[in-house]
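When you read off a place in the sequence shown, starting at 1, and then add 1, the result is the number in full-length UniProt numbering. Yeah, the Cβ is synthetic: ideal placement off N, Cα and C, and Gly gets one too.
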Amino acid sequence: KSGFVSIVGRPNVGKSTLLNTIIGEKIAIVSEKPQTTRTRIQGIYTCERGQVIFVDTPGIHKPKHLLGEYMVKVSARSLEEVDIIYYMTDVTRPFGGGESFILEQLKDARVPVFLLVNKIDLVSEQEVKDYIQIFNQQRSFSEVVSISAACGTNLQLLIDKTLDAL
Ligand code: GDP
Ligand code: MG
2 KSGFVSIVGR PNVGKSTLLN TIIGEKIAIV SEKPQTTRTR IQGIYTCERG
52 QVIFVDTPGI HKPKHLLGEY MVKVSARSLE EVDIIYYMTD VTRPFGGGES
102 FILEQLKDAR VPVFLLVNKI DLVSEQEVKD YIQIFNQQRS FSEVVSISAA
152 CGTNLQLLID KTLDAL
């Protein structure tokens, strides 16, 4: 089994930390070469069950200029080229316009969208539950995984669910 995963989310939710933790544990093959004009391989996780190839989809952010709007359309298209989308959020930051914007971008996604609730090391279990409830009211997710990218919490579970879905 193998497939492409893209991690989207607002700045500072922990996307780079997640990649570093996942790829750092296993053999990392990081290429700076563009895979296509729109996506770039960030790292490949390899285990007995298969491979998860992480690619970035630039431009999923709230546009400030026309060029930004164009970039968002481009990245919405590049999301169709992956097998799974990780939509990552920060449990310590309240739901707001930034999340609504990304949810709008993901509205027409035809691939599984996993909600990753990150930084659970900073809050109580109840706070995690309440936070997830808010997102579940917005749309349905193929999987919801609460994680700590920094501590490694539930990352094996995430990989298992990812390989299940590929
Ligand atoms: P990105 O902009 O989405 O790539 O976010 P980064 O990976 O750069 O992380 C932003 C900040 O959040 C950094 O200071 C990280 O150390 C911190 N961070 C990321 N994941 C976690 C986590 O699971 N727990 C805590 N406490 N901090 C985290
Ligand atoms: Mg980053």
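A distance criterion of 6 Å places the beta-carbon of ASN155 beyond contact range of the ligand GDP, judged by its closest non-hydrogen atom. Between the region 78-93 and the region 6-19 there are three or more inter-stretch CB-CB distances shorter than 8 Å, so the stretches are counted as touching.
The DSSP assignment places complete alpha helix (DSSP H) segments of no fewer than 4 residues inside the region 91-140 at 98-106 and 126-137, in order along the chain. The ligand MG never approaches LYS130 closely enough for any of its heavy atoms to be under 6 Å from the residue's Cβ. With a 10 Å radius around the Cβ and a threshold of 16 neighbouring Cβ atoms, GLU100 comes out buried.
Among the bridge pairs identified by DSSP, GLY153 is matched with none. Less than 7 Å divides the Cβ of VAL92 from the Cβ of VAL129.
In terms of side-chain proximity, the C-beta atom of LYS120 is found no nearer than 6 Å to any non-hydrogen atom of the ligand MG. Contact between PHE115 and SER143 holds: their C-beta atoms lie close to 6 Å from each other, under 8 Å. Assigned with DSSP and collapsed to three states, SER143 falls in coil, not helix or strand. Listed in chain order, the non-local C-beta contacts of ASP122 below 8 Å within the same chain comprise SER149, ALA151, CYS152 and THR154, local neighbours out to five positions each way being set aside.
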